[in-house]
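Enquirer: Numbering (the working numbering), first residue to last: 14 to 336.
Even for Gly, the Cβ is constructed at its ideal location relative to N, Cα and C.
Quantities reported herein were computed from a predicted structural model and do not represent experimental measurements.
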């Protein structure tokens, strides 16, 4: 689908779109929405593993958007983004927007023990110092990451496509469930869009990284359709244990929703075990064919990113997209 008000790309409007290697299909979908093509770029790796990037058209004075989620392999994709930004800065782009559908290192947003790094802030520094003028990201793990930047930051959400999909299913007696206390604000906003559905909260005590223990449930899910809402699914420990708790508490069905399908380690085995009716994610991160399973539904977010890019380029409000 193409934005109805956006003209075909031409030298006059000075908008250029480029893609890193992390999620080329998503970049192509965004380009189609905007009625333009992904810009030509040479990307290669030297024998020692170093990356080489060269923009293959003039971008002098252009408004450039670089689409690159920092997904696995995180460090390679992050470094590629930094090199792309640097190449555009040295090519005299007027403005460089780093479009980061999935912001890597977002969980390292604060110190939880002595002598730890706050890697999310370090990544912000790297992106800024590389030469980015602005950042556009989707569903940050922690909203305060926006404050780590001293350049404009636009934060958009994948929830509209997920909510529309759930509403189309006409599920009975929905209760939205936050998998932990930290996700209550996200779940509450999600519940409001689902016709003000009731809210439940799982009290989760995390013992070590990537290992979660479900302790208690606050709220009533008996004989209801429970919708677990999170920003990402990594190893799926939180989702699997949460779904089991909800079933134990009498939930009729459990749906799991997340914007970012990180899907590390045992995630696919856990999610395909039948504990959840359906796993609903978006395509901010590409899901390899071997990771697909019958309960998985992947929804497109290109219209959201494309609309945000158009609004930024035209100096229109981005926040109004979600009102």
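So is residue 28 buried or exposed if we call it buried at 16+ other beta carbons inside 10 Å?
Expert: buried
Enquirer: With DSSP run on the structure shown, which of helix, strand or coil describes residue 191?
Expert: strand
Enquirer: Where are the alpha helix (DSSP H) runs, 4 residues long or more, that stay fully inside the segment 80-117, in chain order?
Expert: 87-103
Enquirer: Quick check on the DSSP output: the alpha helix (DSSP H) that includes residue 203 runs from which residue to which?
Expert: 197-206
Enquirer: Spatial neighbours of residue 184 within its chain, please: C-beta separation below 7 angstroms, excluding the five flanking residues on both sides.
Expert: 238
Enquirer: Could you say which of 190, 234, 210 and 209 lies nearest to residue 217 if we only look at CA atoms?
Expert: 190
Enquirer: Which value, in whole angstroms, describes the spacing of the CA atoms of residue 22 and residue 200?
Expert: Confidence in residue 22 is poor, its pLDDT being 46 and thus under 50, which makes the residue's placement unreliable; the coordinate value appears in the next sentence. Approximately 38 angstroms, taken between the alpha carbons.
Enquirer: Candidates 135, 54, 288 and 204: which alpha carbon is nearest residue 188's?
Expert: 204
Enquirer: With a cut-off of 8 angstroms on the beta carbons, I'd call residue 306 and residue 277 a contact; round off their distance for me.
Expert: The pair is not a contact, with the Cβ atoms about 15 angstroms apart (cut-off 8 angstroms).
Enquirer: How would you call residue 192, buried or exposed, if buried means at least 16 neighbouring beta carbons within 10 angstroms?
Expert: buried
Enquirer: Compare the beta carbon distance of residue 294 and residue 280 with 7 angstroms and say whether it is the shorter of the two.
Expert: no
Enquirer: Starting from residue 274, trace the beta strand (DSSP E) in both directions and tell me its first and last residue.
Expert: Counting along the chain, the beta strand (DSSP E) containing residue 274 begins and ends at 266-274.
Enquirer: Leaving out the 5 sequence neighbours to the left and right, which residues in its chain are closer than 6 angstroms to residue 325 when beta-carbon positions are compared?
Expert: none
Enquirer: Can you tell me where the beta strand (DSSP E) with residue 167 in it begins and where it stops?
Expert: 166-169
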